[in-house]
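Have a look at the structure below, then the notes.
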Amino acid sequence: MSRPVIFDLFHTLVHGADEERDRVVGEMAVMVGVAPAALVAAYHATWRDRLVRWDVEETVRNLAGRLGGTPTDDQVERAGEHRRALGRRVLDSVSTATLDVLDALRDDGHRLALISNATSDTAELADPTPTSTSG
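The sequence shown begins at 3 in our numbering and counts up one residue at a time.
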């Protein structure tokens, strides 16, 4: 009987983009009128909230406000889209070799699962995958 296989997303199926994420968050700071280093630090400090409570626009608005910024809706949307663009790049970076391994495991009858600490901006970009209806 085939056993289920569980994968983590970051640093397993795709690269973690840690340095690029910090660069993107710094660019978002400029878009919403706050200090880049301060927004990067706030992003790191609030990862749990970003994981379970806030979508990307709430994150931008909340953190910019905490840092003294008063971004417009357009600025928040632009910064949110900039963050989503990083998520798209990361998800699109999965290698052909990784996809081949996943296909081979599935072809061998393994059920596959993904567990991740992806925040909403990455999670909302993931394509829904039909689940198996067999027991």
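C-beta: ideal position from N, C-alpha, C; glycine also. Computed from a predicted structure; not experimentally measured.
| Check | Outcome |
| --- | --- |
| Strand pairing of L116, partner residues [DSSP] | F9 |
| V36, DSSP secondary structure in three states | coil |
| Distance CB(V36)-CB(S95) smaller than 8 Å | no |
| L69, enclosing alpha helix (DSSP H) - first and last residue | Run containing L69: none; DSSP gives neither H nor E here. |
| Per DSSP, cross-strand counterpart(s) of V16 | F12 |
| Whole-angstrom distance between D76 and H46, CA atom to CA atom | 24 Å |
| The region 25–45 contacting the region 79–97, beta-carbon criterion three pairs below 8 Å | yes |
| Rounded distance between the beta-carbons of L88 and A39, thought under 8 Å | The pair is not a contact, with the Cβ atoms about 18 Å apart (cut-off 8 Å). |
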